Amino acid sequence: MKEHVSHNIDRGEVVIHVRNLIKSFGDMHVLRGIDLDLFKRENLVVLGRSGTGKSVLIKIISGLLKQDSGIVDVLGEDVNSLRGRDLDQLRLKIGFSFQNSALYDSMTIRKNLEFPLVRNMRNLTRTEINRSVESVLDAVGLLQSINQMPSELSGGQRKRIGIARTLILRPEIMLYDEPTAGLDPITCIEINNLINQVQEQYHTSSIIITHDLTCARQTGDRIVMLLDGQFKRQGTFDEVFDTDDERVKTFYNYNFLNNEQI
Ligand SMILES: Nc1ncnc2c1ncn2[C@@H]1O[C@H](COP(=O)(O)OP(=O)(O)OP(=O)(O)O)[C@@H](O)[C@H]1O
């Protein structure tokens, strides 16, 4: 269980507001009326089986995909109506931590971290760039790897660098796409701890999408479960799974009893 629910969550301030969100691909109806509020400084976990539309949801929130209908407001902006520079400005406030970390293999860790800074904040001095890179590497516990190449790091370390590269732009919102996918159980716990540490240290509001129940239990202040294109259950971890709904029970049993990816 998450050791302490963050006491700094401001339930009066909504940073992501989604209403009746609908998205289909041809005749595949993926999201069928999603309502979601993310509160400031909250970690919200979206749980669901593979292929239920979790990634589609956060791609729409970050403006990478367009919805068919419904409201998607992020930090007070209607994402669907933003274009060009305005959309870029909003995206700078949203850190997207991708499943595969997506580091540049031919660059050192230092260069990988400098890249988004130099591209997005043109007036920084060399000293400011160095300070930002070192500070964010320190936050993810990998300052000693600053001159290494991505190929020299473990999967868990690469995941940390991916998170650092997102944090370096100081986003207000973090979107984590399957943060523990492909990692061993102990490394998963370390990444879950890092997600909580980021919440505390950087005051981020986050959506964590996962099918990993340990990740959900460790990181989520609140959990919602995506079933048949809608949020069917929501609450604390125990509240979500205190149900007779067979689909929810099956999801729980497969994850915890069989330790299988579903
Ligand atoms: N650009 C696209 N074009 C067509 N179909 C898509 C597109 N993106 C996603 N889909 C489909 O939408 C469904 C939901 O995909 P999504 O990636 O959101 O699942 P998910 O819940 O994140 O699963 P996973 O954990 O396996 O990534 C899938 O059936 C997928 O094939």
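Numbered as in UniProt numbering, the sequence shown ends at 262 without a single skipped number.
All C-beta atoms, glycine included, are put in the ideal place defined by N, C-alpha and C.
These numbers come from a predicted model, not from an experiment.
Residue side-chain check: residue 230 keeps its Cβ at 8 Å or more from all non-hydrogen atoms of ligand 1. By the Cβ rule, the segment 70–83 does not count as touching the segment 148–168, because fewer than three pairs are nearer than 8 Å. Assigned with DSSP and collapsed to three states, residue 23 falls in strand.
In this chain, the beta strand (DSSP E) harbouring residue 33 covers 28–40. Cβ contact annotation for residue 143 (same chain, cutoff 8 Å, sequence separation greater than five): 134 and 137, in chain order. Its chain contains no residue whose beta carbon lies nearer than 7 Å to that of residue 130 once the 5 sequence neighbours on both sides are disregarded.
A residue is called buried when at least 16 other Cβ atoms come within 10 angstroms of its Cβ; residue 40 meets this threshold and is buried. Counting C-beta atoms within 10 angstroms of its own C-beta, residue 147 has fewer than 16 neighbours from the protein chains shown and is therefore classed as exposed.
With respect to the 9 Å criterion, residue 16 and residue 32 are not classified as neighbours on the basis of their beta carbons. 9 Å or more divides the Cβ of residue 38 from the Cβ of residue 225.
Ligand 1 approaches residue 178 closely enough that one of its heavy atoms is under 8 Å from the residue's Cβ. When C-beta atoms of the segment 86–99 are compared with those of the segment 160–179, three or more pairs fall below 8 Å, so the two segments count as touching.
Inside the segment 165–230, DSSP marks whole alpha helix (DSSP H) runs of 4 or more residues at positions 185–202 and 213–219, from first to last along the chain. Inter-residue distance for residue 145 and residue 214 is about 28 Å (C-alpha atoms, whole angstroms). Residue 84: member of the alpha helix (DSSP H) spanning 84–92, first to last residue. Between the C-alpha atoms of residue 1 and residue 36 there is a straight-line separation of about 23 Å. Where residue 72 is concerned, the enclosing beta strand (DSSP E) starts and stops at 69–74. Not one heavy atom of ligand 1 falls within 8 Å of the beta-carbon of residue 98.
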